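With numbering that gives the first Met the number 0, the residue at position 16 of the sequence shown is 15, and numbering never jumps.
Reviewing the structure listed below.
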Amino acid sequence: MKVVLKQTLENRNRSIYWLAHNTGITAAAISNLCNNKTTRIDFSVLDKICEALDCDITDIIIPDSQFNKRILLYSSKLNQLNSELDK
């Protein structure tokens, strides 16, 4: 997986500190994500970031292999189902 959060923040004119303030995630953790210095990410963190930026998971991480593409598609479908159930 490739983290593209830094580009998404730049495209939306938002900073790491803005995102930290609006998610409760530490600026250091977000910085590590932006700089690809992390090896895992919890779904709850992805959810908080997506909610704050009003974006989809593919605006934060993108697959870099066929296996990862399938996992990302599955995750996206689960998020969509959860959103529908919350309504």
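Glycine included, every Cβ here is placed at the ideal spot set by N, Cα and C.
The model shown is predicted, which means the values in this text are computed figures rather than measured ones.
task = For the stretch 0 to 19 and the stretch 49 to 65, state whether three or more C-beta atom pairs, one from each stretch, are separated by less than 8 angstroms.
result = Judged by Cβ distances under 8 angstroms, the stretch 0 to 19 makes contact with the stretch 49 to 65, as three or more pairs qualify.
ask   = Do you know offhand how far I70's Cα is from N78's?
value = In a straight line, the C-alpha of I70 is about 12 angstroms away from that of N78.
query = Which value, in whole angstroms, describes the spacing of the CA atoms of N10 and R39?
reply = Rounded to whole angstroms, N10 to R39 spans 24 angstroms at the Cα level.
task = In angstroms with no decimal places, state the Cα-to-Cα distance between Y14 and L8.
result = Correcting the residue type first, residue 14 is Ser in the shown sequence and not Tyr. S14 and L8: Cα-Cα distance of roughly 6 angstroms.
query = Helix, strand or coil: which one does DSSP assign to I29?
reply = DSSP places I29 in helix when its eight states are reduced to three.
query = In chain order, what residues of the same chain lie with their CB nearer than 8 angstroms to the CB of S75, ignoring the 5 residues before and after it?
reply = The residues are D55, I56, T57.
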